[in-house]
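Take a look at the structure below.
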Amino acid sequence: MEDRSRRDNIRILGIPENEEGSDMQTFLTSTLPKMISLDFDPLLEFQRAHRIGPKRSDNSSRPRPIIACLLRHNQTRQILQVARNHGPFRTDQHEM
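In our numbering, the protein residues as written are 6 to 101.
Shown next as structure tokens:
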């Protein structure tokens with residue numbers, strides 16, 4: 006049962022702390038398709054999205070990972086397939 010609930014999760018590494026502002030889901034809905042150069046129809050929808058682990062006191066350390074659970078399994082598969090084939094994604098601000 007637990008495996009089935011985790012199958013729509015993606016883990017995102019490398020997004021700097023506080024870049025998402027106050028709403029992680031809105032940030033990912035607008036940023037993720039641009040980063041991986043993939044259009045989604047319908048738009049990405051998340052059941053939940055948040056950072057994991059305790060907030061780190063120093064800014065020099067690596068940012069905490071983001072866990073996002075997508076509403077549609079086929080969108081999760083698309084993202085993971087592109088990520089496997091492409092490797093790390095880079096933007097002008099960071100590498101994911």
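Glycine included, C-beta positions come from ideal geometry on N, C-alpha and C.
Delimiting residues of the beta strand (DSSP E) encompassing residue i
i     : result
ILE84 : Note, ILE84: premise wrong, no beta strand (DSSP E); alpha helix (DSSP H) at 78-91.
PHE94 : Taken as a continuous stretch (DSSP letters only), PHE94 belongs to no beta strand (DSSP E), as it is neither H nor E.
LEU75 : 71-75
ARG56 : 51-56
Cβ neighbours of residue i in the same chain (closer than 8 Å, five flanking residues each side left out)
i     : result
ILE41 : ILE84, VAL87, ALA88, HIS91 and PHE94
DSSP three-state assignment for residue i, whether helix, strand or coil
i      : result
PHE45  : coil
ARG11  : helix
LEU125 : Outside the shown range of the chain (6 to 101) lies residue 125, about which nothing can therefore be said.
Residue i versus residue j: straight-line alpha-carbon distance, rounded
i     : j     : result
SER10 : SER66 : 31 Å
LEU76 : ASP46 : 13 Å
LEU48 : HIS78 : 13 Å
LEU33 : LEU18 : 13 Å
7 Å CB neighbourhood of residue i in its chain, flanking five on each side removed
i     : result
ASP44 : PRO38
Close-in-space but distant-in-sequence residues of the same chain around residue i (CB under 6 Å, 5 per side omitted)
i     : result
GLU50 : LEU76
Below 8 Å, how does it come out for the stretch 50-60 and the stretch 29-38: are there three or more Cβ pairs, yes or no?
yes
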